[in-house]
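Peer 1: Every letter in the sequence shown is one number past the one before it in UniProt numbering, and letter 476, counting from 1, is 476. Note that beta-carbon positions come from the ideal geometry of N, C-alpha and C, so glycine has one too. What follows is a structure written as structure tokens; I'll ask about it next.
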Amino acid sequence: MVSTFARPRGALPPLALLLALGPAAAQGLPPTPPEAGAVQPVPAIQAAPAAQAAPAPQAPQPAPPAQAIQPVPDAARKEAQRKREPAPLVYARVSADPTPTLTARTFLDTLKAAEQYQAYAEAGGWDPLPADLALKPGAGHPAVPSLRHHLTLTGDLPADAAPSDRLDPPLVAAITAFQERHGLPATGNLGRQTIAALNVPAATRQRQLAASAQRLIGSNFAFGERYVVVNIPSAVVEAVERGQVVRRYVAVVGSPDKAPPAVETRITDINFNPTWTVPMSVVKNEIIPRMRKEPGYLAKNHIRILGPGNAEVDPTTIDWNTNKAVNYTLRQDPGFDNSLGQVRIDMPNRHAVYMHDTPSKSLFARSVRFHSHGCVRVGQVKEFVGWLLQGTEGPNGPGSTWGAIEIETGIADGERRDIKLPKPVPVTFVYLTGYATPDGRAHFRDDIYSLDTPGGAPPAAAGAPARPPAAAANGAQPKPAEPKPAVSRPADSRPAEPTTTGAIPAPARPVRPQALRPPASIPVAN
């Protein structure tokens, strides 16, 4: 790309030009860095002519009185936010597998895998490994043959692999494949998390697959050329194009007591520098108790109280020992410390959930990312927005695009900007703790909201104290009550025929996907 500010061939660089014109031309101008790769000549010192007398010294002139600069609140705030911006972030590792979590085939593939795991359970499954087993490559242990049997059953270890009681290279590769299928760090080492996931019974895995397939019944999601999948148990956002995942982004999703709903909708707009309207549940359960202890909390966080006609209300006029504040609208100004960050991704739905940036970016480095109020926070959200804005006219009129520079510039001015996508992108939030891909592999994630456990209590309502999930982050599940669960195959499980519009619907039925928790408990927060 040719720079807009390219210098004509043969022209002097700025620094050389200033040296040629003399010091007077350089007064008040900032220093210009040398061009990359260019060697700057050292100017020769010009001696004064002998016949010319040195100029008489002049008395120093008094400096003009400094003019008082009136601070601009908005500008000062933006500068303070810029200085607070964190160092480059570390993001948790995500899979590079181009196979999407959800396709038009996922329902039938998952149902088939559930039948296979039921057969494993009926045949006795696999023996558990010692919980404290720790082996390095090349080491041996009496439990290794059981490990080989397990990984051969699940297809991670080739059936023709040579038998051994040692952790040989083929077995290390099989452990790595197992870890990738379970969303664990693919190290090839037998650590605590991997051992715990290996010790989950086949009957429990079958139940995860059957429950996930059941949750897909009634889906009307239209798989287009481009779509977005958020599998909540994985805490990952997938951007899918032409049947392949072009990029995965780490995400922060609902905490165990604030599960997000199942959603099928379209991304229609991108908001730069959004405001955040604080949900009533957050006002009641978080803001009011905080204001009783810290009266300056709203001002510190740039949250305004708005009354009828959006008239601003002084916080000191409200009795915070009551719940009267719920009768007002609390709105946080745009900015780096806004709870939605610098970007909001609009996706109309009856639950009022969406995807957005966040000022709490350190959470993206964690392997367990269940911390939000019900919406989905996206890591590297500006890159994700760049993908969503492909084909959208840029800020400079016809022919321009929204590249990385344009996105950064559009956000940097601090002003609210709404960008409508000319072709909305389908998006779905799903809850798949077990699913299968077309290659026959079964993938598993933790049942963070205890939705797969027979007779398990539903997640607590928003604002209630968090209860510990039934499954730990290492993949361990509670022991099943029934060792041989049956697979429920719906009579209408055959997928619908593709439509002429190019969108491939999932298995259809006149039933909408159920929310992961009662809609009344879903906050509209982050």
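Please name the residue, chosen from 182, 403, 152, that lies closest to residue 170 on a Cα-to-Cα basis.
Peer 2: The residue labelled residue 170 in the question sits at position 170 within the sequence shown. Here the closest residue by C-alpha is 152.
Peer 1: Around the Cβ of residue 405, are there at least 16 other Cβ atoms within 10 angstroms (buried) or fewer (exposed)?
Peer 2: Counted from its first residue, the sequence shown places residue 405 at position 405. Residue 405 should be labelled exposed.
Peer 1: Once DSSP output is grouped into helix, strand and coil, what is the label at residue 104?
Peer 2: Translated into the one-based positions of the sequence shown, residue 104 becomes position 104. Residue 104: coil per DSSP, three-state reduction.
Peer 1: If you measure between the beta carbons of residue 92 and residue 365, is that distance less than 8 angstroms?
Peer 2: For this step, residue 92 is matched to residue 92 along the sequence shown. For this step, residue 365 is matched to residue 365 along the sequence shown. Yes, these two residues count as a Cβ contact at 8 angstroms.
Peer 1: Pick out whichever of 361, 452, 168, 415 has its Cα sitting closest to the Cα of residue 138.
Peer 2: Translated into positions along the sequence shown, residue 138 becomes position 138. Residue 168 is the option with its Cα nearest to residue 138.
Peer 1: Would you say the stretch 272–283 touches the stretch 336–349, given that touching needs at least three Cβ pairs under 8 angstroms?
Peer 2: In short, these stretches touch, since the Cβ pair count reaches three.
Peer 1: In the DSSP assignment, the alpha helix (DSSP H) including residue 372 goes from what residue to what residue?
Peer 2: Translated into the one-based positions of the sequence shown, residue 372 becomes position 372. Careful: residue 372 lies outside any alpha helix (DSSP H), inside the beta strand (DSSP E) at 370–372.
Peer 1: Would you be able to state if there are at least three C-beta pairs under 8 angstroms between the stretch 313–330 and the stretch 219–233?
Peer 2: No, the stretch 219–233 is not in contact with the stretch 313–330.
Peer 1: For residue 252, I'd like the list of residues in its chain whose CB is within less than 6 angstroms of its CB, leaving aside the five on either flank, ordered along the chain.
Peer 2: Counted from its first residue, the sequence shown places residue 252 at position 252. Closer than 6 angstroms at Cβ, skipping near neighbours: 363, 369, 371, 372, 377.
Peer 1: If you draw a straight line from the alpha carbon of residue 94 to that of residue 421, how long is it in whole angstroms?
Peer 2: The residue you call residue 94 lines up with position 94 of the sequence shown. The residue you call residue 421 lines up with position 421 of the sequence shown. Their Cα atoms are separated by approximately 27 angstroms.
Peer 1: Apart from the five residues on each side of it in sequence, which residues of its chain come closer than 6 angstroms, Cβ to Cβ, to residue 99?
Peer 2: For the purposes of this step, residue 99 is taken as the residue at position 99 of the sequence shown. If we look at residue 99 and ignore the five residues flanking it on each side, its Cβ neighbours are 437.
Peer 1: What did DSSP end up calling residue 320 once you bin it into helix, strand or coil?
Peer 2: For the purposes of this step, residue 320 is taken as residue 320 along the sequence shown, with counting starting at 1. Reduced to three states, the DSSP call for residue 320 is coil.
Peer 1: Do we get a CB-CB distance below 8 angstroms when we pair residue 277 with the residues of chain D?
Peer 2: In the structure shown, chain D cannot be found, because there is only a single protein chain.
Peer 1: Give the secondary structure of residue 429 by DSSP, where H, G and I count as helix, E and B as strand, and everything else as coil.
Peer 2: Within the sequence shown, numbered from 1, the residue matching residue 429 stands at position 429. Three-state result, residue 429: strand.
Peer 1: Indicate the three-state DSSP secondary structure (helix, strand or coil) for residue 182 in the structure shown.
Peer 2: Taking the first residue of the sequence shown as position 1, residue 182 is located at position 182. In this structure, residue 182 counts as coil in the three-state DSSP scheme.
Peer 1: Give every residue of the same chain whose Cβ lies closer than 7 angstroms to the Cβ of residue 307, excluding the five residues on either side of it in the sequence, and list them in chain order.
Peer 2: Taking the first residue of the sequence shown as 1, we reach residue 307 at position 307. Same-chain partners within the cutoff: 313, 328.
Peer 1: Applying the criterion that 16 or more other CB atoms from any shown protein chain within 10 Å of the CB defines a buried residue, is residue 113 buried or exposed?
Peer 2: The count along the sequence shown starts at 1 and reaches residue 113 at position 113. By the 10 Å Cβ count, residue 113 comes out buried.
Peer 1: Is it the case that the Cβ atoms of residue 174 and residue 156 are separated by a distance below 8 angstroms?
Peer 2: What you label residue 174 is simply residue 174 of the sequence shown in a count that begins at 1. What you label residue 156 is simply residue 156 of the sequence shown in a count that begins at 1. Their beta carbons are under 8 angstroms apart, which means residue 174 touches residue 156 by this criterion.
Peer 1: For residue 411 versus residue 392, is the C-beta distance shorter than 8 angstroms?
Peer 2: The residue given as residue 411 occupies position 411 in the sequence shown. The residue given as residue 392 occupies position 392 in the sequence shown. For residue 411 and residue 392, no; Cβs fall outside 8 angstroms.
Peer 1: How many whole angstroms separate the CB atoms of residue 179 and residue 194, which I take to be in contact at a CB cut-off of 8 angstroms?
Peer 2: Here residue 179 is taken as the residue at index 179 of the sequence shown, counted from 1. Here residue 194 is taken as the residue at index 194 of the sequence shown, counted from 1. At roughly 6 angstroms, the Cβ-Cβ gap stays under 8 angstroms, so residue 179 and residue 194 are in contact.
Peer 1: Around the Cβ of residue 332, are there at least 16 other Cβ atoms within 10 angstroms (buried) or fewer (exposed)?
Peer 2: In the sequence shown, residue 332 corresponds to position 332, counting from 1. So residue 332 counts as buried.
Peer 1: Alpha carbon to alpha carbon, what distance is there between residue 214 and residue 120?
Peer 2: Start at 1 with the first residue of the sequence shown, and residue 120 comes out as number 120. Start at 1 with the first residue of the sequence shown, and residue 214 comes out as number 214. The straight-line gap from Cα to Cα measures roughly 20 angstroms.
Peer 1: Considering Cα atoms alone, identify which of 401, 381, 390, 102 is closest to residue 250.
Peer 2: Position 250 of the sequence shown, counted from the start, is the residue given in the question as residue 250. It is 381.
Peer 1: Taking the alpha-carbon positions, what's the residue 338 to residue 297 distance?
Peer 2: The count along the sequence shown starts at 1 and reaches residue 338 at position 338. The count along the sequence shown starts at 1 and reaches residue 297 at position 297. Approximately 14 angstroms between the Cα atoms of the pair.
Peer 1: With distances taken between CB atoms, is the gap from residue 205 to residue 434 smaller than 8 angstroms?
Peer 2: By one-based count along the sequence shown, residue 205 stands at place 205. By one-based count along the sequence shown, residue 434 stands at place 434. Yes, Cβ-Cβ distance for residue 205 and residue 434 is below 8 angstroms.
Peer 1: Starting from residue 384, trace the alpha helix (DSSP H) in both directions and tell me its first and last residue.
Peer 2: Your numbering for residue 384 matches position 384 in the sequence shown. Taken as a continuous stretch (DSSP letters only), the alpha helix (DSSP H) holding residue 384 covers 381–388.
Peer 1: By DSSP, does residue 248 sit in helix, in strand, or in coil?
Peer 2: For this step, residue 248 is matched to residue 248 along the sequence shown. The answer is strand: DSSP assigns residue 248 an E or B state.
Peer 1: Determine the contact status of residue 266 and residue 347, defining contact as a CB-CB distance below 8 angstroms.
Peer 2: Locating residue 266 in the sequence shown gives position 266, counting from the first residue. Locating residue 347 in the sequence shown gives position 347, counting from the first residue. Yes.
Peer 1: Which one of 361, 389, 374 has the shortest CA to CA distance from residue 270?
Peer 2: Position 270 of the sequence shown, counting from 1, holds the residue named residue 270. Closest by alpha carbon: 389.
Peer 1: Around the Cβ of residue 385, are there at least 16 other Cβ atoms within 10 angstroms (buried) or fewer (exposed)?
Peer 2: Residue 385 sits at position 385 when you count from the first residue of the sequence shown. By the 10 Å Cβ count, residue 385 comes out buried.
Peer 1: Look at the Cβ atom of residue 223, then the Cβ atom of residue 110, and state whether they are nearer than 8 angstroms.
Peer 2: Within the sequence shown, numbered from 1, the residue matching residue 223 stands at position 223. Within the sequence shown, numbered from 1, the residue matching residue 110 stands at position 110. Their beta carbons are not under 8 angstroms apart, which means residue 223 does not touch residue 110 by this criterion.
Peer 1: For residue 51, which three-state DSSP category applies?
Peer 2: In the sequence shown, counting from the first residue as 1, residue 51 sits at position 51. The predicted position of residue 51 is uncertain, since its pLDDT is 45 and thus under 50; no value can be drawn from it.
Peer 1: Give the range of the alpha helix (DSSP H) segment to which residue 288 is assigned.
Peer 2: Along the sequence shown, one-based indexing puts residue 288 at 288. 288–293 is the extent of the alpha helix (DSSP H) around residue 288.
Peer 1: I'd like the list of long-range same chain contacts for residue 190, defined as Cβ closer than 7 angstroms, with 5 residues on each side in sequence excluded.
Peer 2: For the purposes of this step, residue 190 is taken as residue 190 along the sequence shown, with counting starting at 1. Answer for residue 190: 133, 134, 135, 175, listed in chain order.
Peer 1: For residue 223, name the three-state secondary structure that DSSP assigns.
Peer 2: Within the sequence shown, residue 223 is the residue found at index 223, counting from 1. Here residue 223 sits in strand by DSSP.
Peer 1: Can you name, in chain order, every residue of its own chain whose Cβ lies under 6 angstroms from the Cβ of residue 247, other than the five neighbours on each side?
Peer 2: Start at 1 with the first residue of the sequence shown, and residue 247 comes out as number 247. Result list for residue 247: 239, in chain order.
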